[in-house]
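As structure tokens, the structure follows; a few thoughts come after it.
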Amino acid sequence: MDLGLRDQNILLTGGSGMLGAAAARLLAAEGARLALLGRDASRLEPLATELRTLGAPSVAIVQGDLAQAASTDAAVEQAAAALGPLDGLVAAAGAAQGGLFWEIDDAAWQRHLEAKLFGTIRVLRAVAPRMVARRAGRIVLIVGNSAKYPEPRMIPGAVANSALLAIVRGLAEELGPHGVVINALNPGPVRSSRWDAQMRAIAEREGGTAAEAESRFLAKAALRRIATPEEVAAHVAFLASPRAAHMTGTSVTIDGGTVKTP
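Here you go:
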């Protein structure tokens with residue numbers, strides 16, 4: 001299926017992360033023009049080269065720090081100058097770590113929330129008015145299924161994710177009359193070095209091996225396996241495309257049937 005993304009101008013944050021990079025690769029293969037926003041431009045250069053090889057007509061790297069409003073605003077301005085008016089935003093930056101709830105101090109909470117929640121707020125604040133002025137645009141936030149189903153040792157991340165889902169739901173009402181849509185994607189666990197580290201930590205805490213810890217988790221998943229970054233990216237590309245017509249203010253969970261809902 002042609003997703004209708006050819007020559008669409010899309011700003012992507014979090015390209016140095018696993019899911020952001022996977023989404024960028026698929027968007028490039030669909031012919032989108034991409035601007036990669038990150039603090040360290042050198043870390044994004046290899047990805048930018050790969051995206052051009054995959055078929056992206058244009059790839060720009062814009063340096064910006066989502067921890068600072070002025071830097072975020074300047075980076076969005078630079079992206080629009082490099083590509084043209086922005087048709088889409090894919091926000092994949094930020095990840096919050098966890099721990100035992102009563103051992104997480106205020107400073108750690110602030111770091112966790114800053115990393116994912118406030119950075120996303122800043123880029124939304126910079127991009128949304130541009131789309132409203134053009135009366136068109138598609139926004140996709142990569143959030144996480146912990147927003148609705150928090151694990152006890154990952155509460156800071158769940159809090160950030162829950163807040164992002166509230167923003168998606170509320171902002172959809174503000175943007176909708178102007179032809180701008182916003183949706184979220186809630187991945188469950190994804191095959192990665194981070195997932196492997198989590199399994200090792202569970203094994204150390206509960207006993208047994210990392211493989212046994214993973215087997216216990218997979219027993220709860222209908223598909224009995226972990227998602228790949230490419231599978232998550234396919235959903236990102238769909239939500240960023242005109243094919244996801246008449247969808248806004250909602251979230252799509254991709255967790256292999258791990259969470260059982262009525």
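For the sequence shown, this note's numbering puts the final residue at 262, and the numbers step up evenly by one.
Heads up, the beta-carbon is just placed ideally off N, CA and C, and yes, glycines get one too.
Rounded to whole angstroms, how far is the Cβ of residue i from the Cβ of residue j, which I believe are closer than 8 Å?
{"i": "G290", "j": "A75", "result": "Limits of the chain in this structure are 1 at one end and 262 at the other, which puts residue 290 out of reach."}
{"i": "E230", "j": "A22", "result": "6 Å"}
{"i": "R153", "j": "G207", "result": "Going by Cβ atoms, the distance from R153 to G207 rounds to 16 Å, so no, they are not a contact pair."}
{"i": "A203", "j": "E212", "result": "7 Å"}
{"i": "L171", "j": "V132", "result": "That belief does not hold up - the Cβ atoms of L171 and V132 are roughly 11 Å apart, past 8 Å."}
{"i": "L37", "j": "L47", "result": "The pair is not a contact, with the Cβ atoms about 12 Å apart (cut-off 8 Å)."}
Tell me the DSSP bridge mates of residue i?
{"i": "Q68", "result": "DSSP output for Q68 lists no bridge partner at all."}
{"i": "T253", "result": "N186"}
{"i": "I139", "result": "L89 and I182"}
{"i": "I104", "result": "Paired residues: none, contrary to the question."}
{"i": "T13", "result": "L37 and A91"}
{"i": "A60", "result": "A35"}
{"i": "A227", "result": "V190"}
Short of 6 Å in beta carbon distance, which residues of its chain neighbour residue i, apart from the five on each side in sequence? Order them along the chain.
{"i": "P262", "result": "With a pLDDT of 47 at P262, under the threshold of 50, the modelled position of this residue cannot be trusted; read the value that follows with caution. Counting only Cβ-Cβ distances below 6 Å, and skipping sequence neighbours, we find nothing."}
{"i": "L89", "result": "L11, V127 and I139"}
Spatial neighbours of residue i within its chain, please: CB distance less than 8 Å, with the 5 preceding and 5 following residues excluded, ordered by chain position.
{"i": "R243", "result": "M1, L3 and G4"}
{"i": "M247", "result": "V181, N183 and L239"}
{"i": "W109", "result": "P156"}
{"i": "R130", "result": "V76, A80, P85, L86 and G137"}
{"i": "G20", "result": "L12, T13, G14, V90, A92, A93 and I142"}
{"i": "Q210", "result": "The question names Gln, yet the displayed sequence has Ala at residue 210. Cβ neighbours of A210 beyond the five flanking positions: D196, M199, R200, I202 and A203."}
Closest to residue i by C-alpha separation, out of the options, would be which residue?
{"i": "T13", "options": "R39, V232, L26 and G31", "result": "R39"}
{"i": "A245", "options": "A22, R169 and R138", "result": "R138"}
{"i": "R27", "options": "D87, T120 and E212", "result": "Reading the sequence as shown, one finds Leu at residue 27 and not Arg. Checked all of D87, T120 and E212; the closest Cα to L27 is D87."}
{"i": "R43", "options": "G15, S192, G257 and T228", "result": "G15"}
{"i": "V168", "options": "A147, M154 and R153", "result": "A147"}
{"i": "I30", "options": "S241, G257, S71 and I254", "result": "First, the amino acid is wrong: residue 30 is Glu here, not Ile. Ranking S241, G257, S71 and I254 by Cα distance to E30 puts S241 first."}
{"i": "R125", "options": "T72, E114 and G144", "result": "T72"}
{"i": "Q8", "options": "P46, A56, T49 and A219", "result": "A56"}
{"i": "D255", "options": "A221, A237 and A234", "result": "A221"}
{"i": "G119", "options": "P46, A234, L47 and A95", "result": "A95"}
{"i": "G144", "options": "V236, W102, E103 and F217", "result": "V236"}
{"i": "R52", "options": "A32, A69, A41 and F101", "result": "A32"}
Can you find the residues in the same chain that come closer than 7 Å, C-beta to C-beta, to residue i, ignoring five residues on each side of it along the sequence?
{"i": "A163", "result": "L117"}
{"i": "W195", "result": "P189 and I226"}
{"i": "E114", "result": "A67"}
{"i": "A69", "result": "R122"}
Given a cut-off of 7 Å, decide if residue j and residue i are closer than it, judged by their beta-carbon atoms.
{"i": "V265", "j": "L34", "result": "Past the boundaries of the shown model lies residue 265; the chain is included only from 1 to 262, so the question cannot be answered."}
{"i": "A136", "j": "G179", "result": "yes"}
{"i": "P150", "j": "A158", "result": "yes"}
{"i": "P187", "j": "V252", "result": "no"}
{"i": "I263", "j": "L185", "result": "The chain is shown only over 1 to 262; residue 263 falls outside these bounds and no answer can be derived."}
{"i": "I226", "j": "P177", "result": "no"}
{"i": "L66", "j": "R25", "result": "no"}
{"i": "M18", "j": "S192", "result": "yes"}
{"i": "L223", "j": "G249", "result": "no"}
{"i": "P85", "j": "R6", "result": "no"}
{"i": "A91", "j": "V123", "result": "yes"}
Indicate whether at least one CB of chain B lies closer than 7 Å to the CB of residue i.
{"i": "A91", "result": "The structure shown contains no chain B, having only a single protein chain."}
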